[in-house]
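Residue numbers (the working numbering): 77 to 455. Even for Gly, the Cβ is constructed at its ideal location relative to N, Cα and C.
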Ligand SMILES: *Cc1c(COP(=O)(O)O)cnc(C)c1O
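Next comes the structure, spelled out in structure tokens:
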């Protein structure tokens, strides 16, 4: 039985093109990117090329891109870095209740240090309200951190509006774009975003590498102290193969974005509609239109989600209960809770996230399996 992988929000499989691009930097061109001889110069050039490629995808400057070990590090750096650097101006941060734990736990850490944090509610579609955000602003607010697209329910937040409000008040705006970058077009020229996190393994690149976009002029302290890498802001010998892989993955994703996005959106709508039609008492979580192309979240009434996932796996289908970091915990996810999904539905939540290689046949097989197993679990 072949596996049907419907968990692209957890991670994606690196493409062959990415692997080929990385290969020379694993052995042949192994030099340290910070050294002067040719192996090192080759590696250093490759790193700077990738910085330029990624900057271009965001309409940013290469000097505004800082390589990190992934989404979690980028989120930690953004939140803790701005909080620390702007402490004199204030110690209040605004975020939402449905952020990734990398943001939420960074905020909780700051609360223990004496900062205060407002966690904004979301509506039943998972949307942050701009009006509520504006009301939460205080004279001592220094940072607003709201994710671009939610990993569990797929909702895309009103980023332009949030950024505009932040800018009007002279507050910095960070967005965790780990799910959205390379899925939807994002321009730092068009959008008032000051900091943006992304992670390569969510867009067919390698694991353990990502970046933080930091707009020119933002006062940002070093996150890892040591050598002078990343213009003195993030020490440590560069992960050259990882960065090269991420650059290639970013380039490929943006080259094919229109096609991938349209295909995934169509397949996603097909999956949503088919389940809604064929399985009674089902809710679809997240916003109907403002959502990530490949993300679907279902809640089935009167079903235990964890049991459903096991049955799906027996049919060769990889899906997830919410975010990858929460599986195992059988309690209802905090995101589903924040959306106010009714209790008899909330426990039966399953996320299916499509990718570039997903097919209609796979979706049909997934719906058949869902239908059979939901029925079995309900009686
Ligand atoms: C996956 C994910 C992260 C964490 O990224 P890593 O590179 O795995 O550390 C952060 N935020 C969101 C929204 C994610 O989906």
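Nearest-angstrom Cβ-Cβ length linking residue i and residue j, presumed shorter than 8 angstroms
i	j	result
residue 275	residue 294	The pair is not a contact, with the Cβ atoms about 20 angstroms apart (cut-off 8 angstroms).
residue 198	residue 414	5 angstroms
residue 101	residue 285	With 8 angstroms as the limit, residue 101 and residue 285 do not qualify as a contact, their Cβ atoms being about 12 angstroms apart.
residue 361	residue 443	Contact doesn't hold; Cβ gap of about 17 angstroms is too wide.
residue 238	residue 209	6 angstroms
residue 321	residue 90	7 angstroms
residue 236	residue 267	6 angstroms
Residue i vs residue j beta-carbon contact at 8 angstroms
i	j	result
residue 250	residue 213	no
residue 363	residue 223	no
residue 337	residue 240	no
residue 306	residue 113	no
residue 439	residue 384	no
residue 288	residue 144	yes
residue 359	residue 232	no
residue 129	residue 326	yes
residue 182	residue 156	yes
residue 86	residue 396	yes
Three-way DSSP call (helix, strand, coil) for residue i in this model
i	result
residue 113	coil
residue 183	helix
residue 280	coil
residue 434	coil
residue 103	coil
residue 133	helix
residue 401	Any answer about residue 401 is weak, because its pLDDT of 49 lies below 50 and its placement is not dependable; what the coordinates show is given next. Note: residue 401 maps to helix in three-state DSSP.
residue 409	coil
residue 199	coil
residue 81	strand
residue 301	coil
residue 240	helix
residue 235	helix
residue 362	coil
residue 459	The displayed coordinates of the chain run from 77 to 455. Any statement about residue 459 would go beyond what the structure contains.
residue 307	helix
residue 257	strand
residue 451	helix
residue 124	helix
residue 86	coil
residue 245	coil
residue 229	coil
residue 439	helix
N-terminal and C-terminal residue of the beta strand (DSSP E) that residue i is part of
i	result
residue 252	248-252
residue 286	286-290
residue 195	192-196
residue 274	271-275
Unbroken alpha helix (DSSP H) run spanning residue i, endpoints
i	result
residue 96	92-98
residue 161	147-161
residue 384	381-390
residue 142	Per DSSP, residue 142 belongs to no alpha helix (DSSP H); it is in the beta strand (DSSP E), 141-144.
residue 209	206-212
**Request:** Would you list, in sequence order, the uninterrupted alpha helix (DSSP H) runs of no fewer than 4 residues that lie entirely inside the region 309-353?
**Result:** Look at the region 309-353 and you find these whole runs of alpha helix (DSSP H), each 4 residues long or longer: 316-331.
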